[in-house]
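Asker: I have a structure I would like to understand better, so I am pasting it below and will then ask my questions one at a time.
Chains as they are written, first to last, in this note's numbering: chain A, 5 to 172; chain B, 1474 to 1714.
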């Protein structure tokens, strides 16, 4: 395996390496864009890297793979002494998905989530637009989809079924 | 229940046993979307169970981790409420159980999110978001079946009548617990009242109130469930894959 010039020059920071890991279940978006990468810290004396992540859902089965992928990405970038910590507070919210991440989801045919309503506010349900044709004429088929974080929808205009990342 | 250990154990056992029961529907639900929904809800419950049992193990300080607590205790050592161990019955019974459990867990986790124990507060804040989806889903089916055909109405009412007595145990007062379950009853009653009314169902009279789960005295159904859940772990101690 040949390392890229940037890696050989040792310029890939631990932060960049961890941030480049893609979500194993939604492979178009990185864990950084998804908002589950909470911190990357380097101990100034030992050089040990501590990466902090948080799950989307408590039972997310992808967490073990994500931890392994982070360690592998860090090792490739030369950071061999690394630890991945998992925290649950504050709880992940779809509001943490970056603008770039939302655009990538939509481009991959996954309708991004709406903003999470603040506590006490009566939620106004906005139409979910079809990521294929842009039509607001869509309907929910099932509020639980192919992964814990997605619901299954269908477009009434173009008849395409699509995934929708649930606001959480 | 009284201290944080017993409390975390009871809540963790509720979630674990509920997850195991819901998983029995996998590949058997009435439609594909429902199959996926029930498996997803089971996964959420399992996620909460892992956090709660891991924490219970730390509080106990006897070296038991989540696996030791899940797989190496017998039925008399489990602290789940009887409601979650009841057999799935028909789809209406499963929905009645799902709805009542979520109507209890949502205010429970919400109250937990504000309690003084930091770990329990973090778990509550995380799990309540998922519970809100479970409650939506259960309520949707209770309404659809209750206000559906004559036959679906009959079966949903029968399911509510069958499961209702087991809800009382969830709210047994315990002032020493991080959240006193008795304080959750008004929120539960309000949710149940409005959903049953919309579903054209009658709320049963409260009378018989079986209990015992929180002290380890269970129905005959739990031991069978545990036997299936634990057999692999006990046959191959420490196995990894």
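For glycine and all other residues, C-beta sits at the position ideal for the given N, C-alpha and C.
In this text the structure is predicted, and so the values were computed from the model without any measurement.
With a threshold of 9 Å between beta-carbons, can residue 152 of chain A be considered close to chain B, or not?
Answerer: Judged by the 9 Å Cβ criterion, residue 152 of chain A is in contact with chain B.
Asker: Contact criterion: CB-CB distance below 9 Å. Does residue 162 of chain A meet it with respect to chain E?
Answerer: Within the model displayed, chain E is absent; protein chains A and B are what it includes.
Asker: Applying the criterion that 16 or more other CB atoms from any shown protein chain within 10 Å of the CB defines a buried residue, is residue 167 of chain A buried or exposed?
Answerer: Result: buried.
Asker: Mind pulling the alpha helix (DSSP H) runs of 4 or more residues that sit fully within the region 88-122 of chain A?
Answerer: Correct list: 103-111.
Asker: Do residue 55 of chain A and residue 33 of chain A have their CB atoms nearer than 9 Å?
Answerer: Result no, Cβ atoms of residue 55 of chain A and residue 33 of chain A do not sit closer than 9 Å.
Asker: Bridge partners of residue 154 of chain A, per DSSP?
Answerer: DSSP lists A:169 as partners of residue 154 of chain A.
Asker: Please give the ranges of any alpha helix (DSSP H) in the region 1546-1587 of chain B, keeping only runs that are unbroken, at least 4 residues long and fully inside the region.
Answerer: Those alpha helix (DSSP H) runs which fall completely within the region 1546-1587 of chain B and span 4+ residues are 1555-1558 and 1564-1585.
Asker: What is the C-beta distance between residue 1489 of chain B and residue 1514 of chain B, in whole angstroms, given that I count them as a contact (C-beta under 8 Å)?
Answerer: Contact flag wrong, Cβ pair sits at about 14 Å.
Asker: Could you tell me how far apart the beta carbons of residue 1683 of chain B and residue 1571 of chain B are, in whole angstroms, since I believe they sit closer than 8 Å?
Answerer: That belief does not hold up - the Cβ atoms of residue 1683 of chain B and residue 1571 of chain B are roughly 19 Å apart, past 8 Å.
Asker: Tell me the DSSP secondary structure of residue 46 of chain A in three-state form.
Answerer: Residue state, collapsed to three classes: strand.
Asker: Mind listing which residues of the region 20-46 of chain A have their C-beta closer than 7 Å to chain B's C-betas, in chain order?
Answerer: Listed by position along the chain: nothing, the set is empty.
Asker: Under the rule that 16 or more other beta-carbon atoms within 10 Å means buried, what is residue 1704 of chain B, buried or exposed?
Answerer: Answer is exposed; the Cβ neighbour count stays below 16.
Asker: Along chain A, which residues have their Cβ under 7 Å away from the Cβ of residue 1599 of chain B?
Answerer: Chain A residues near residue 1599 of chain B: 62, 92 and 95.
Asker: Could you give the DSSP three-state label for residue 1632 of chain B: helix, strand or coil?
Answerer: It is helical.
Asker: What is the DSSP secondary structure of residue 38 of chain A, reduced to helix, strand or coil?
Answerer: Helix, per DSSP.
Asker: Whose CA, out of B:1537, B:1650, B:1697 and B:1675, lies closest to the CA of residue 1687 of chain B?
Answerer: When each option's Cα is compared against that of residue 1687 of chain B, the closest is B:1650.
Asker: Show which residues of chain A have a CB atom less than 7 Å away from the CB atom of residue 1595 of chain B.
Answerer: What residue 1595 of chain B touches in chain A: 92 and 93.
Asker: Does residue 1610 of chain B come within less than 9 Å of chain A when only Cβ atoms are used?
Answerer: For residue 1610 of chain B, the answer is yes, since a Cβ of chain A falls inside 9 Å of its Cβ.
Asker: Nearest CA to the CA of residue 1597 of chain B: which residue from B:1521, B:1626, B:1631 and B:1534?
Answerer: Taking only the C-alpha atoms, the option nearest residue 1597 of chain B is B:1521.
Asker: Looking at residue 1601 of chain B: is its Cβ nearer than 9 Å to the Cβ of residue 1528 of chain B?
Answerer: Against a cut-off of 9 Å, the Cβ pair of residue 1528 of chain B and residue 1601 of chain B comes out as no contact.
Asker: In chain order, what residues of the same chain lie with their CB nearer than 6 Å to the CB of residue 1532 of chain B, ignoring the 5 residues before and after it?
Answerer: So the qualifying residues of the chain are 1477 and 1478.
Asker: Less than 9 Å between CB atoms is the rule here; does residue 1519 of chain B satisfy it with respect to chain A?
Answerer: Interface residue, yes.
Asker: Between the region 42-58 of chain A and the region 90-109 of chain A, do three or more beta carbon pairs fall short of 8 Å?
Answerer: Yes: the two stretches touch, three or more of their Cβ pairs being nearer than 8 Å.
Asker: Thinking residue 1628 of chain B and residue 1618 of chain B are a contact (beta carbons under 8 Å), I'd like their distance in whole angstroms, please.
Answerer: So it is a contact: roughly 7 Å between Cβ atoms.
Asker: What is the DSSP secondary structure of residue 146 of chain A, reduced to helix, strand or coil?
Answerer: Looking at residue 146 of chain A - three-state DSSP - the assignment turns out to be strand.
Asker: Please classify residue 1595 of chain B: is it buried, with 16 or more other beta-carbons within 10 angstroms of its beta-carbon, or exposed?
Answerer: Buried, because 16 or more other Cβ atoms sit within 10 Å of the Cβ of residue 1595 of chain B.
Asker: If I follow the unbroken alpha helix (DSSP H) through residue 69 of chain A, where does it start and stop?
Answerer: Segment 67-80, the alpha helix (DSSP H) holding residue 69 of chain A.
Asker: Just verifying my parser: in three-state terms, what is the DSSP assignment at residue 55 of chain A?
Answerer: Strand, per DSSP.
Asker: What does residue 172 of chain A reach in chain B if we use C-beta pairs closer than 7 Å?
Answerer: Residues of chain B passing the Cβ test: 1602.
Asker: Could you list which residues in chain B have their beta carbon closer than 8 Å to that of residue 179 of chain A, in chain order?
Answerer: The question about residue 179 of chain A has no answer, for chain A in this structure spans 5 to 172.
Asker: Within its chain, find whatever has a CB closer than 8 Å to the CB of residue 1714 of chain B; leave out the 5 residues flanking it on each side and keep chain order.
Answerer: Answer for residue 1714 of chain B: no residue qualifies.
Asker: How many angstroms separate the CA atom of residue 138 of chain A from the CA atom of residue 1616 of chain B?
Answerer: Roughly 32 Å between the two C-alpha positions.
Asker: In this structure, does DSSP put residue 32 of chain A in helix, strand or coil?
Answerer: DSSP places residue 32 of chain A in coil when its eight states are reduced to three.
Asker: Just the Cα atoms here: how many angstroms apart are residue 111 of chain A and residue 131 of chain A?
Answerer: Roughly 18 Å between the two C-alpha positions.
Asker: I want to verify the contact list: residues of chain B whose CB lies under 9 Å from the CB of residue 156 of chain A, in sequence order.
Answerer: 1506 and 1509, listed in chain order.
Asker: Is residue 86 of chain A helix, strand or coil when you go by DSSP?
Answerer: Three-state result, residue 86 of chain A: strand.
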